[in-house]
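J.: Chains as they are written, first to last, in this note's numbering: chain X, 1 to 362; chain F, 1 to 297; chain Y, 1 to 294.
Have a look at this one.
Encoded structure:
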């Protein structure tokens, strides 16, 4: 078990800059998730750590050992003692499940009895014991995925790499496997690097999350950090479901935020920070907006555009002039499309971002 | 199955017509073959379809021993089936090994490697395979003299292999392309060096494709006529194709000389058996590749 | 130095590149060089015996001029075109028919069908003419017997209708190529297309003409190109069975080239014919591609 360090790692494919000066330290035994939309460079970063690609510049360390520096040093994937689970599982079609799982151990020429023992242990753990003599094409997606996992855990790797392993599973199985994976990681105590575009997965499993976009790190932090203190607009809009409302506004005079359709007076701590700021973006999560059926002091009138009853809450899409907002209401809050409602923003939970730099102001 | 036009002809009357047409096709295909089979066992076979009055193995004996049976007209030229089979077998096996090895190596390289001029190279391979034989065969004699490949079974095998290579490289490349790189990458991460990966992962998965290439190479070499015709002069090196020709070839100007039909058919059957056998052995793999062939385009 | 480092860094790729060499070398020596020689020889008066074997003279386009004035050459061209056209049609139609049977749901016995359909293609080509003797014999042959059954006159297949005989043998043996290509193409059409068409009320014939045919356009073209290429090469049947006769009635171009080179020992002239064949193939293939819209 080791810590993985990336220093100013960059990867270019021809003219395309896939990974742009990433610096990251993954702690020993940590479960870290690389999160971001398609094409953000997270899979490329994973492949660089695995050694399936070579860095264009920068350095990668496994503990104290330099494994890639883009020039003279490069350790092949065979030598890095990592395990990887691909999105497609990459199970060897000509071998049965037992042989697939046993494969890494056979390459290292471990004794037969030990291999047999360990394969059975892992199969038991992952509940695929009775599939051992089947061939991959006879298995369901979920079963294949567990075989791939078993194979990855066969030889205790320094680092466990997972590339969107749950992407091909149906929703229910995905929820189940999230919990299973987290439990497995705790049990095996591997340093685990997990790639996904699903922020719910990331939030529920990770010790820390690395949010990436366009090859760059946007923010590194615990789920709590990312949710409550997003460093920039991208992270704010990416984390959280339903996503944060991001509204254009301008600082008006000293005390007001002007949204065009209405004005709101800012609290003291906000006023202090917003001097000299022109255009900004106001961020507030749907769950931090209070909705009322009657007029209230300081509340703003909106019209209901759509209601989505989800059973435990209702998602309301509200509109005023050109401004659209999503808010959450308790299930008893019955309104119809076209009704008027009044909403109050909870400034304690809201954020303000500078429009140009997209960075967090408060 | 998809693309099922004839299913649409589900009305019973049209279906009957369909079966009738099918039966006619079967008859068309099988009649000459049935005749061949029957006449081989017929001591008095002729160019007409009929059940033999008696069954005999004499014809087979004749072609292997080269001795005309008492009371039967001999052929214009004696039979040396044993020798011919040995020669054909040698040529076909060597050609098969050469093609499978060279084509696999080249196809894997073309599938996994990228380099400037690659598409040029692939076009070259395609075009040279597409070139009509007569444009390549005429100078072959002179060329092979230089290599000592005239009257040399190994040389004949090499030349045959070279003529088969282009298509087989294309077939195998398509096959290797359909094996995901992630499979190899997974093997690397598990600790396999590239060579081990080739042996333990790539080749087994490519098995069907290689089986097809083996089949096609064998068939091509086993039935090859033109190349041995040009390169082989001495009779003891004749493969079966030349052997048949030596017995039954007519004098220039004459067509369809009176032949001894019994031995002819016996010869044909024995000649055809290995082809059928290899097809039978690899038929499982053919199913897997048939769809792969479209990807080759 | 820089080069050594480059080699070390790219050692794996270099080894992979050497995998290409055996095939490449073999192709260059035994395929490319003979082609180049054919073209070269066609500009000389090289022969297979005598002085001209060792000291051929360069005679420029003389062979080609001779070619254009050679009545047998033109006869051969005419004959080859007849052969190729008829074979193409027959091989393709039979192949399409067989492919339709193989890919249909209504007709049972697929394994049997596949085995029977492939049979002529698998058995060695040298045998084909001899196997057909029983069909073609004038007095007792099966074909004539069938004709007589329908009250039609029997034909002298081997002598008077040698070309038709060879065409028949060729299509009997060769339809399997089109069959394989087309069957594979038909099975790769997703069945959803047919289901949608059915929902919109298309008839069986409409489904065939508007879905199947357009979607197999490229495989159809491919099979035609492959068939044509094989037919132009055809040599064995005419060499063994008819020797180009009677009166050059079946003297295919490939046979003519061979005769000129090995029977008349005029290697240079033979090569000219060979080169003409090559040019023909390329021109006609390009024409086919253009017509098909590639």
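Heads up, the beta-carbon is just placed ideally off N, CA and C, and yes, glycines get one too.
#1: Can you give me the C-alpha to C-alpha distance between residue 151 (chain F) and residue 42 (chain Y), rounded to a whole angstrom?
#2: Report yes if the C-beta distance between residue 210 (chain Y) and residue 292 (chain Y) is below 8 Å; otherwise report no.
#3: So, for residue 229 (chain F): in the same chain, excluding its five sequence neighbours on each side, which residues have a beta-carbon less than 7 Å away from its beta-carbon?
#4: Rounded to the nearest angstrom, what separates residue 305 (chain F) and residue 119 (chain F) at their Cα positions?
#5: Can you name the start and end residues of the beta strand (DSSP E) that residue 252 (chain X) belongs to?
#6: For residue 137 (chain X), which of helix, strand or coil comes out of DSSP?
#7: Measuring straight from C-alpha to C-alpha, what distance separates residue 295 (chain Y) and residue 184 (chain Y)?
#8: Interface residues of chain F around residue 341 (chain X) at Cβ under 9 Å?
#9: What is the DSSP secondary structure of residue 150 (chain X), counted as helix, strand or coil?
#10: Where DSSP assigns a beta bridge to residue 372 (chain X), which residues make up the other side?
#11: Assuming residue 296 (chain Y) contacts residue 7 (chain Y) under a Cβ cut-off of 8 Å, what Cβ separation, rounded to an integer in Å, is found between them?
#12: Per the DSSP calculation, residue 17 (chain Y) is bridged to which residue(s)?
#13: So with Cβ pairs under 8 Å, would you call residue 217 (chain F) a contact of chain Y?
#14: Can you pull the DSSP bridge partners for residue 54 (chain X)?
#15: Since I believe residue 22 (chain X) is in contact with residue 45 (chain X) (beta carbons under 8 Å), could you give me their beta-carbon distance rounded to a whole number of angstroms?
#16: On a CA-only basis, which of X:361, X:211 and X:330 is nearest residue 313 (chain X)? Give me that one, please.
#17: Could you name the residues of the region 188-206 of chain F whose beta carbon sits closer than 8 Å to any beta carbon of chain X, in the order they occur along the chain?
#18: Counting only C-beta atoms, is residue 105 (chain F) closer than 8 Å to chain Y at any point?
#19: With a threshold of 16 other CB atoms inside 10 Å of the CB of residue 84 (chain Y), please say whether the residue is buried or exposed.
#20: Against chain X, does residue 140 (chain F) count as a neighbour if the rule is that its beta carbon must be under 8 Å from one of theirs?
#21: Which term fits residue 184 (chain F), buried or exposed, when burial requires 16 or more other beta carbons within 10 angstroms of its beta carbon?
#22: Who are the Cβ neighbours of residue 266 (chain Y) in its own chain at under 7 Å, not counting the five residues just before and after it?
#23: Starting from residue 38 (chain Y), follow the alpha helix (DSSP H) in both directions and report where the run begins and ends.
#24: Rounded to whole angstroms, how far is the Cβ of residue 111 (chain F) from the Cβ of residue 177 (chain F), which I believe are closer than 8 Å?
#25: Is any beta-carbon of chain Y found at less than 8 Å from that of residue 112 (chain F)?
#26: Does residue 88 (chain X) have its Cβ less than 8 Å from a Cβ in chain F?
#27: Which first and last residues belong to the alpha helix (DSSP H) in which residue 231 (chain Y) is found?
#28: Does the beta-carbon distance from residue 88 (chain F) to residue 278 (chain F) come in below 8 Å?
#29: Please classify residue 274 (chain Y) as buried or exposed, where buried requires at least 16 neighbouring CB atoms within 10 angstroms.
#30: What's the call for residue 179 (chain X), buried or exposed, on a 16-neighbour Cβ count within 10 Å?
#31: Looking at residue 154 (chain X): is its Cβ nearer than 8 Å to the Cβ of residue 101 (chain X)?
#32: Hey, residue 54 (chain F) and residue 47 (chain F) are a contact pair by Cβ (cut 8 Å); roughly how many whole angstroms apart?
#33: Hey, out of X:316, X:293, X:304 and X:295, whose CA is closest to residue 285 (chain X)'s CA?
#34: According to DSSP, simplified to helix, strand and coil, what is residue 51 (chain F)?
#35: Could you please give the first and the last residue of the uninterrupted alpha helix (DSSP H) stretch that includes residue 263 (chain X)?
#36: Between residue 188 (chain X) and the rest of its own chain, which residues show a CB-CB distance below 7 Å, the 5 nearest in sequence each way excluded?
T.: For this structure:
#1: 26 Å
#2: no
#3: 242
#4: Residue 305 (chain F) lies beyond the stretch modelled for chain F, which goes from 1 to 297, so this question has no answer here.
#5: 245-252
#6: helix
#7: Absent from the model: residue 295 (chain Y). The displayed extent of chain Y is 1 to 294, so no value can be given.
#8: Going along chain F, no residue has its Cβ under 9 Å from residue 341 (chain X), so there is no contact; the nearest lies around 52 Å.
#9: helix
#10: Past the boundaries of the shown model lies residue 372 (chain X); chain X is included only from 1 to 362, so the question cannot be answered.
#11: Examination of residue 296 (chain Y) is not possible in this model, given that chain Y is present from 1 through 294 alone.
#12: In the DSSP output, where bridge partners are listed per residue, residue 17 (chain Y) has none listed.
#13: no
#14: For residue 54 (chain X), which the question treats as bridged, DSSP gives no partner whatsoever.
#15: Right, the Cβ-Cβ distance comes to about 6 Å (below 8 Å), so this counts as a contact.
#16: X:330
#17: 188, 189, 190, 191, 192, 193, 196, 201, 204 and 205
#18: yes
#19: buried
#20: no
#21: buried
#22: 47 and 260
#23: Run containing residue 38 (chain Y): 33-41, per the alpha helix (DSSP H) assignment.
#24: Under the criterion of beta carbons closer than 8 Å, residue 111 (chain F) and residue 177 (chain F) qualify as touching, at roughly 5 Å.
#25: yes
#26: Against chain F, the CB of residue 88 (chain X) has a partner CB under 8 Å away; the residue lies at that interface.
#27: 217-233
#28: no
#29: buried
#30: exposed
#31: yes
#32: Wrong, their Cβ atoms sit about 19 Å apart, outside the cutoff.
#33: Closest by C-alpha distance to residue 285 (chain X), out of X:316, X:293, X:304 and X:295, is X:316.
#34: coil
#35: Run containing residue 263 (chain X): none in the alpha helix (DSSP H); it sits in the beta strand (DSSP E), 263-265.
#36: 153
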